[in-house]
Amino acid sequence: MDIDWVNHGIGFVLSIGTSIVFILLLLFFLQPRIEISDKICYKTQKGKKFYFFKIVNRSWFSAYTIEFELYKKIPYIVDKVKVNHRIEEIALSRSKFYSIPPYKRTKGYGDHAVLIRTFEDLNKDINVKNQEYILIVSAKHGLFNLTKVTTQTFENSEVFHKGHFKFGKNLGVC
């Protein structure tokens, strides 16, 4: 009885290759898809101004253990010619959600979008000192524990809009 090593070798290599492609596709499609609006809205309530950010879950499944971090990035000169950055954390009204449901086409249903706010005055010196703000959102898939980190940078005062965001998955402002 002869063993055809060539056919067994080709079958083995194809099986391994197909498995790797399947795992990579699985990892790609099961990561949470979180989007952050590139605008910051602000309102004044009871004489106090607050700024808020919109985050949307565009996945087919719920995102779990969602964490939010907001930083102020301040440039400073080193050795008269080099630029470095000082990073300061900014307090948010809420820094963690346990879950955000997936997007559903049901009209009037918007649980897949959340608003996070801060009471620090973000607009006061963003253009003067070349500061920028960085919002970082990390989310996990419930079953496979795959984590996705999404970052949005806000670099000038054109990102600020008085009012509120549009409803649902739309990241625009009214």
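Take our numbering: the final residue in the sequence shown is number 174, and no numbers are missing along the way.
For glycine and all other residues, C-beta sits at the position ideal for the given N, C-alpha and C.
Keep in mind the model is a prediction, meaning the values are calculated, not measured.
Note to self: Given a cut-off of 7 angstroms on the beta-carbon distance, is the pair G142 and Y64 in contact?
What the structure shows: yes
Check: Going by beta carbon distance, what residues of the same chain come within less than 7 angstroms of I136, once the five residues before and after it are set aside?
Finding: E69, V149, T151
Notebook entry, point to check: Taking all protein chains shown into account, do 16 or more other C-beta atoms lie within 10 angstroms of the C-beta of Y76, making it buried, or fewer, making it exposed?
Noted result: Burial call: exposed.
Next item on the list: Using 10 angstroms around the beta-carbon of F165, count the other beta-carbons present and answer buried if the total reaches 16, otherwise exposed.
Entry: buried
Check: Is T106 helix, strand or coil by DSSP?
Finding: coil
Notebook entry, point to check: Shortest alpha-carbon distance to Y51 belongs to which of G168, I116, I16, S19?
Noted result: I116
Check: Near S95, which residues of its chain fall below 6 angstroms by C-beta distance, leaving aside the five closest residues on each side in sequence?
Finding: F68
Notebook entry, point to check: Which residues in the same chain as P101 place their Cβ atom closer than 6 angstroms to its Cβ, once the five residues preceding and following it in sequence are excluded?
Noted result: S62, D111, H112
Checklist line | Close beta carbons around K43, own chain, < 8 angstroms, minus the five adjacent residues each side | finding: Excluding sequence positions up to five before and after K43, its CB lies within less than 8 angstroms of the CB of K49, F50, F52, K162, G163, H164, all in the same chain and listed in chain order.
Item checked: Sequence-distant residues of its chain with Cβ nearer than 7 angstroms to N156 (five each side left out) -> I126, N127
Notebook entry, point to check: Can you tell me the Cα-Cα spacing of V78 and E89, whole angstroms?
Noted result: 22 angstroms
Notebook entry, point to check: Buried or exposed: which applies to A139, given that a residue is buried once 16 or more other Cβ atoms fall within 10 Å of its Cβ?
Noted result: Around the Cβ of A139, a 10 Å sphere holds 16 or more other Cβ atoms; the residue is buried.
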